[in-house]
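>
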Amino acid sequence: MKKTLAGLGKLNKFIAISLPVLLSIFLVRMESLAHRELSPPECRVKKWDIPVSFTQKQKAPLIERLPITCCQGDASCFDEVIYGKIPDKKALISAIARSLQYLETANAAAAYQNYPVVGITRDRVFKSLKRFRELLLKTNSATELHQAIEREFVLYQSVGKDHKGSVLFTAYYEPLYAASRVPTTEYRYPVYRLPPDFNSWPKPHPTREELEGSDGLQSAKGKLRGLELFWFRDRLEPYLAQIEGSARLQLPDGTQTTIGYAGNTAYSYKSIGRELVNDGKLPLEGITLPIILDYFQKHPQELNIYIPRDRSFVFFQENHGEPAQGSINVPLTAERSIATDKSLMPPGALALIRAAIPFVNPTGKMEERIISRYVLDQDTGGAIKGAGRVDYFLGTGKIAGDRAGVTVSNGQLFYLLLKSKN
């Protein structure tokens with residue numbers, strides 16, 4: 000799916016490119032909001048780090064360990080929301096079903112054929128998902144589920160960016176934009192179909208500026224002529240759609256449709272947020288997507304300076320209302336799908352993430368809470384590289400975008416697999 004400016008992103012769609020291009024990427028690194036400490040000390044985040052005895056001589060991206068025993072009263076240890084509102088459990092079950100569907104495909108067989116971590120196979124991932132679903136359906140509380148996991152499962156923890164288990168979490172979402180199928184004086188900035196002769200384009204590919212001009216309006220003069228798919232009102236919106244890798248569109252007649260990733264040029268993504276920092280326009284400390292958007296709202300003429308600096312370019316296809324899809328070609332589920340580096344992490348597998356994630360409280364303000372969530376690894380992104388990166392899919396629309404734009408924290412990533420004897 001993708002990566003939104005605000006959502007840190009990911010344009011992910013097919014591995015190389017699905018650009019999960021994260022906002023992290025887009026934005027540059029934001030400092031994490033303050034974590035609420037857990038008490039007593041043994042219940043704090045540190046207990047989730049890889050034990051020191053494991054950190055030596057480890058080269059694999061994942062390390063096997065037993066599940067963490069939760070401290071009494073530590074609600075952040077459990078995924079309690081799946082035993083609250085019925086839709087939350089249904090969403091997780093639906094995401095599991097989509098991963099099971101993927102794991103039965105030839106693409107999954109190929110992906111796991113040379114998987115780099117000994118002991119993690121497609122068959123074991125498949126059986127683990129089925130057993131977890133059984134436990135999810137028959138247990139009545141998060142505590143009961145966790146106890147069953149302690150009995151039957153082992154964890155494979157990501158070594159993270161520091162080989163101690165520290166993983167940088169960002170988030171992405173599916174934006175909702177006003178758009179038109181035809182150009183008008185109001186709707187002037189297009190996104191494009193994949194050129195039918197794209198595979199024969201010589202490399203290096205044309206840059207973004209060569210394809211659409213510095214102002215985003217010159218496509219009729221070059222290779223993109225006649226490939227316009229939809230038009231937008233704002234110069235920044237089609238670019239953000241490229242970063243996210245997908246978007247939901249509100250058309251003038253009141254109907255909606257969706258677009259998704261179809262391909263990209265062979266250039267690495269360049270963060271325009273980072274470029275603003277490099278030029279001294281914004282301070283690195285505390286930079287967020289809302290700050291970047293506010294800057295361009297005040298200086299719209301500078302979009303024609305900074306957007307062309309990102310030479311990469313993404314093409315779209317109309318998905319006619321279908322939900323955003325991840326790199327394993329299944330629909331993503333809000334709060335239950337993640338994007339990781341698929342050269343290292345097991346596609347479609349069940350994972351447990353633990354990180355500080357922002358939520359909108361009843362007063363409308365954003366607050367950060369440390370949470371544990373069971374998720375499915377169903378996406379990737381151009382900016383999601385290495386064992387120390389996760390992009391968390393938060394859904395569609397403004398609230399999801401507001402949350403994604405300020406999601407940046409360090410946490411842990413675990414994959415759940417049945418014990419070998421099972």
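Sequential numbering from 0 applies to the sequence shown in numbering that gives the first Met the number 0. Built from N, CA and C at the ideal position, the CB exists for glycine as well. What you are looking at is a predicted structure, and each value in this text was computed from that prediction instead of being measured.
Buried or exposed: which applies to His-298, given that a residue is buried once 16 or more other Cβ atoms fall within 10 Å of its Cβ?
Label assigned to His-298: exposed.
> Using CA coordinates, which residue listed in Thr-379, Tyr-155, Arg-308, Pro-237 is at the minimum distance from Gly-118?
Ranking the options by Cα distance to Gly-118, first place goes to Tyr-155.
> Taking Val-124 and Gly-347 to be in contact with their CB atoms under 8 Å, please state how far apart those CB atoms are, rounded to whole angstroms.
Contact holds; Cβ gap of about 7 Å.
> Does the Cβ of Arg-207 have 16 or more other Cβ atoms within 10 Å, making it buried, or fewer, making it exposed?
So Arg-207 ends up on the buried side.
> Could you tell me the alpha carbon to alpha carbon distance between Phe-231 and Thr-142, rounded to whole angstroms?
If you take the alpha carbons of Phe-231 and Thr-142, they lie about 48 Å apart.
> Whose CA, out of Pro-66, Tyr-260, Pro-201, Glu-151, lies closest to the CA of Leu-228?
When each option's Cα is compared against that of Leu-228, the closest is Tyr-260.
> Across the segment 324 to 337 and the segment 88 to 105, are there enough close Cβ pairs to call them in contact, namely three or more that are closer than 8 Å?
Output reads yes: the segment 88 to 105 touches the segment 324 to 337.
> Below 8 Å, can you find three or more Cβ-Cβ pairs linking the segment 400 to 414 to the segment 157 to 175?
Counting Cβ pairs under 8 Å, three or more are found: they touch.
> For Gly-259, which residues does DSSP report across the bridge?
According to DSSP, which records beta bridges pairwise, Gly-259 is partnered with Ser-245, Gln-316.
> Hey, Leu-65 and Val-158 are a contact pair by Cβ (cut 8 Å); roughly how many whole angstroms apart?
Not really, about 17 Å apart at Cβ, beyond 8 Å.
> Under three-state DSSP, which class holds Ser-199?
Helix at Ser-199.
> For Thr-256 and Glu-317, which I take to be in contact (beta-carbon distance under 8 Å), what is that distance rounded to the nearest angstrom?
About 6 Å; that satisfies the 8 Å criterion.
> Buried or exposed, going by whether 16 or more other CB atoms sit within 10 Å of the CB of Ile-306?
By the neighbour-count rule (16 or more Cβ atoms within 10 Å), Ile-306 is buried.
> Can you tell me whether Lys-418 is buried or exposed? The criterion is at least 16 other CB atoms within 10 Å of its CB, across all chains shown.
That one is exposed.
> On the DSSP letters alone, give me the boundaries of the beta strand (DSSP E) that Val-407 sits inside.
Its beta strand (DSSP E) spans residues 407 to 417.
> Would you report the Cα separation of Gly-385 and Pro-50, rounded to the nearest angstrom?
Their backbone Cα atoms lie some 20 Å apart in a straight line.
> Is the beta carbon of Ala-108 sitting closer than 8 Å to the one on Arg-97?
Not closer than 8 Å, so no.
> In angstroms, rounded to a whole number, what distance separates the CA positions of Glu-274 and Tyr-414?
Distance between the alpha carbons of Glu-274 and Tyr-414 is about 35 Å.
> How would you write the range of the alpha helix (DSSP H) that Gln-377 sits in, first residue to last?
Element bounds for Gln-377: not the alpha helix (DSSP H) but the beta strand (DSSP E), 365 to 378.
> Does DSSP put Gly-400 in a helix, in a strand, or in coil?
Three-state DSSP puts Gly-400 in a helix.
> Is it a yes or a no for the segment 70 to 88 touching the segment 127 to 142, going by three-plus beta-carbon pairs under 8 Å?
The segment 70 to 88, when compared against the segment 127 to 142, does touch it at the 8 Å Cβ threshold.
> With distances taken from CA atoms, which of Ile-398, Gly-325, Pro-330, Gly-387 is nearest Asn-360?
For the residues Ile-398, Gly-325, Pro-330, Gly-387, the minimum Cα distance to Asn-360 belongs to Ile-398.
> Are the beta-carbon atoms of Tyr-391 and Phe-168 separated by less than 8 Å?
Yes.
> Using alpha carbons as the reference points, say which of Gln-324, Glu-366, Gly-380 lies closest to Met-344.
Looking at the Cα atoms, Gly-380 is the closest of the given residues.
> Hey, quick one: how far does the alpha helix (DSSP H) through Pro-86 stretch, first residue to last?
From DSSP, the alpha helix (DSSP H) with Pro-86 extends over 85 to 102.
> I'd like the span of the beta strand (DSSP E) that includes Gln-156, first residue to last.
Residues 152 to 157.
> What does a CB cutoff of less than 8 Å around Glu-185 pick up in its chain, not counting 5 residues either side in sequence?
Correct list, in chain order: Ser-179, Arg-232.
> How big is the Cα-Cα spacing for Leu-111 and Leu-136?
The identity of residue 111 in the sequence shown is Tyr, whereas the question assumes Leu. In a straight line, the C-alpha of Tyr-111 is about 28 Å away from that of Leu-136.
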